[in-house]
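For the sequence shown, the residue numbers in my numbering are 466 to 753.
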Amino acid sequence: MFRDQLAKDAARIQDQFDLVLSPYDDLPVTQAMGYATQGGKRLRGFLVLESARLLAVDPTRAIWPATAIEALHAYSLVHDDLPCMDDDDLRRGRPTVHVKWDQATAVLAGDALQTLAFDLVARPEVGPAETRISLVQSLSEASGAKGMVLGQALDIAAEAAPKPLNLDQITRLQAGKTGALIEWSASVGAVLAGTDPAPLRQYARALGLAFQIADDILDVEGDAKKAGKRLNKDDAAGKATFVSLLGLDKAKSRAADLVDQANAALDGYGFSAETLKQAARFVIARDS
């Protein structure tokens, strides 16, 4: 059920990207935007659409913030891959944007994708002005210096720190770097429906941490071809990770406990939340 829905949602989001980007001039920067938004699991967009389905929100409203979060996630990957950041040459099994074009094009494509995200959540199709303003405000917080950017900044600072981060510090780092956008995604359906987002936020908070622990595990024992990116980077850089701090077995156990916590937060929705529960189980079973 979940994997089929994930694939359907990924295709819908790609169709929406094709529609949104089609009026743009055919320049290297817009070509790079389209390239950067192709492929990937689209888990964040799925969480937007599934939380909307859970609360009977019209999918023609939800597709806009679902596409927005994938645009913002794509921007973060384009910039994260740059030589001044992680200096990666492979993403989703293909050359990274700065390798395929150049660094200036990658910077501009990332900038344009970030601003596109806010354009998409502000569209009239999303709903009343109050709803759109709420989504814009919460997305800016989740993606900025209180959320994802904070996590990235803490990650960079940790590289120059005299000693590795401890468990509390790395949990805070990843709550911003990975968790903030996942939490925003899962809460969108409640915002669109005008209901309490607390259970979905609780679900997503545990899900986001489990996702990052799974990433750390994949970095150690994953297959680079399946992952579509370079692995063993954190160990080579001497970075503290959940695996280095907890050990492989305890990290796996912690991720499984977090999935249980995430799914328990959805119990009030009954069987309607089963697809979201399957998503949480997928997060720690994936190979990419």
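The C-beta atom is built at its ideal place from N, Cα and C for all residues, glycine as well. The structure displayed is predicted, hence computed values, not measured ones.
Determine the DSSP secondary structure at residue i, reduced to helix, strand or coil.
i	result
P560	strand
L672	helix
L731	coil
L555	strand
W649	helix
T643	helix
P593	coil
G616	helix
M550	coil
K717	helix
I598	helix
Y540	helix
Among the options, which has the Cα closest to the Cα of residue i?
i	options	result
A721	L741, A738, E739 and A675	A675
R670	Q639, I598 and D681	Q639
A536	Q634, A476, Q503 and A610	Q503
K611	P627, N631 and R637	R637
G510	A750, E648 and E606	E648
Y540	S709, E686, G609 and P627	G609
A501	D474, V543 and A476	V543
Y668	G659, D681, M498 and V653	V653
What is the C-beta distance between residue i and residue j, in whole angstroms, given that I count them as a contact (C-beta under 8 Å)?
i	j	result
L672	V748	6 Å
E515	T740	6 Å
L657	A517	6 Å
A533	A569	No, A533 and A569 are not in contact; Cβ-Cβ is about 25 Å, not under 8 Å.
G733	P664	6 Å
Alpha carbon to alpha carbon, how far is residue j from residue i? Give it in angstroms, no decimals.
i	j	result
M837	S650	Nothing can be reported for residue 837, as the shown portion of the chain is limited to 466 through 753.
L573	R746	36 Å
M550	L519	38 Å
D552	D546	5 Å
R468	D491	34 Å
L736	N728	As written in the sequence, residue 736 is Phe, which differs from the Leu given in the question. Between F736 and N728, the C-alpha separation is close to 11 Å.
E606	V614	10 Å
P493	W566	8 Å
R507	D554	21 Å
L471	L512	9 Å
(message) Taking contact to mean 3 or more Cβ pairs, one atom from each stretch, closer than 8 Å, check whether the region 588 to 600 and the region 516 to 526 are in contact.
(response) yes
(message) Under 8 Å, with one C-beta from each stretch per pair, do the region 634 to 651 and the region 574 to 584 reach the 3-pair mark?
(response) no
(message) For the pair the region 606 to 622 and the region 473 to 486, tell me if three or more CB-CB distances fall below 8 Å.
(response) no
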